[in-house]
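Numbering of the sequence shown is given in our numbering, commencing with residue 1 and proceeding in unit increments.
Below: the structure, in structure tokens.
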Amino acid sequence: MKFNRIAIIAILAILTVVLAGSASAFDLGFLGGGDSEAQQITVGGIDFNIPAGFTENEDYKMDNEKSNSTTGVDYTMSAAGYEDDSKQNAIYVLVGDYGDYNVTNEIVEYVLDDMDYEKKTINGHDGYLVQQNTTDSSALMETEQPVYMFVYEENGDLVFIGATDESYFGDVIIE
1 MKFNRIAIIA ILAILTVVLA GSASAFDLGF LGGGDSEAQQ ITVGGIDFNI PAGFTENEDY
61 KMDNEKSNST TGVDYTMSAA GYEDDSKQNA IYVLVGDYGD YNVTNEIVEY VLDDMDYEKK
121 TINGHDGYLV QQNTTDSSAL METEQPVYMF VYEENGDLVF IGATDESYFG DVIIE
């Protein structure tokens, strides 16, 4: 399958930024005082649910931040990070918009080719589930506990959800 090499590089760049950012969010124990009720949020024009007991960390918020791309494919990133009171559970949502270039699940699969992933459908969204551990030699981030990532495309955008527990994806992703 032939893909636009520049677009693949841009998608790899955003995934690398996301994975590195997620490691920081999950490792640092960035906040406390979770919300007592579930909340619906919009990131990059896509709606998500955040379970009760999680509070947003403004340090991990991005709203249509432009890339400094040297690949020729410009993109914007929007993101939000949440953690529970125990500082042991976190959820990170990122949407990458590549403008006129539409991301497809085939491209996401191609980009994730070197990682151990499982094709999965969550609430009607076909995507790729990745688990990263500190003991994985291919891990892109250092964590004290496994971090789960679900990556998929929606409306031509790259959607990345990272969480400390795989079960959160069913709550976060809206059908």
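For glycine and all other residues, C-beta sits at the position ideal for the given N, C-alpha and C.
Classified as exposed, N123 has fewer than 16 neighbouring CB atoms from the shown chains inside 10 Å of its CB.
At the C-beta level, V43 and S86 stay beyond 8 angstroms of one another. Looking at the DSSP output, N49 shares a beta bridge with Q40. The beta carbon of D47 is closer than 8 angstroms to those of Q40, I41 and I174 in its chain, skipping five residues each way along the sequence. The beta-carbon separation of V130 and Y117, rounded to 5 angstroms, stays under the 8 angstroms limit for a contact.
Remark: C-beta atoms of Y128 and Y92 do not approach each other more closely than 8 angstroms. DSSP places N57 within a strand segment (E or B) once states are collapsed to three. In this model, D100 and D126 are separated by some 22 angstroms (Cα to Cα).
Remark: C-beta atoms of D157 and G81 do not approach each other more closely than 8 angstroms. In the three-state reduction of the DSSP assignment, N89 falls in the coil class. Minimum Cα-Cα distance from E154 among the listed residues A38, G45 and Y148 corresponds to G45.
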